[in-house]
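Worksheet for the structure shown next.
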Amino acid sequence: MSHDSPCPCGSDLFYSACCAPLHHGAIATSPAALMRSRYSAFVLGLGEYLVATWHPDFLGELDALTLSKQETQWDHLDILGSGEQGDQGWVEFRAWYREAGQLGCLHERSRFVREAGRWHYTEGDIIPLRAGRNDPCPCGSGKKYKKCCG
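When you line the sequence shown up against our numbering, it's residues 9 to 158, in that order.
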């Protein structure tokens, strides 16, 4: 990815001024900054970064090679809220992706912990999307759910 390209995380910054410094060793200043950089790492297939920012107690069997595979076509990221209290933090987000031409969404409330000055992702709770057929589509298109992603 070119450093003067828009950042995959959806900020209004260029990659070089947003997630690239974190991908090259800078320390995320908040759980939300780490979440954005992790989303960009998934988009770019940066498995080593994902492993380095995942708390080892929660990584399980995942490894950098597996995490580097870009099998999902990520569309965009919406940060819905975030916060921190001491060395604990959270981020609620929606990560939009495309599969078989359909838009899908991973809605999660992620938990983070700060150790030795660095934030790490621990785990998250998946929040099911609930939209009635006539409700506005949660993707933000402005269309009814049944005419869009439903």
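Just so you know, even glycine gets a beta-carbon here, dropped at the ideal spot from N, CA and C.
Classify residue i: buried if its beta carbon has 16 or more other beta carbons within 10 angstroms, exposed otherwise.
i: residue 132; result: buried
i: residue 123; result: exposed
i: residue 106; result: exposed
i: residue 94; result: exposed
i: residue 150; result: exposed
i: residue 30; result: buried
i: residue 79; result: exposed
i: residue 126; result: exposed
i: residue 64; result: exposed
So residue i packs on residue j, CB below 8 Å; how close in whole Å?
i: residue 16; j: residue 52; result: 7 Å
Can you look up residue i in the DSSP assignment and give me helix, strand or coil?
i: residue 130; result: strand
i: residue 68; result: coil
i: residue 124; result: coil
With the cut-off set at 8 Å, would you say residue i and residue j are in Cβ contact?
i: residue 111; j: residue 100; result: no
Would you check if the stretch 42-50 and the stretch 74-85 touch, i.e. whether three or more CB-CB distances between them fall below 8 Å? yes
Using 8 Å as the Cβ pair cut-off and three pairs as the minimum, do the stretch 62-72 and the stretch 82-97 touch? Verdict: no, contact absent.
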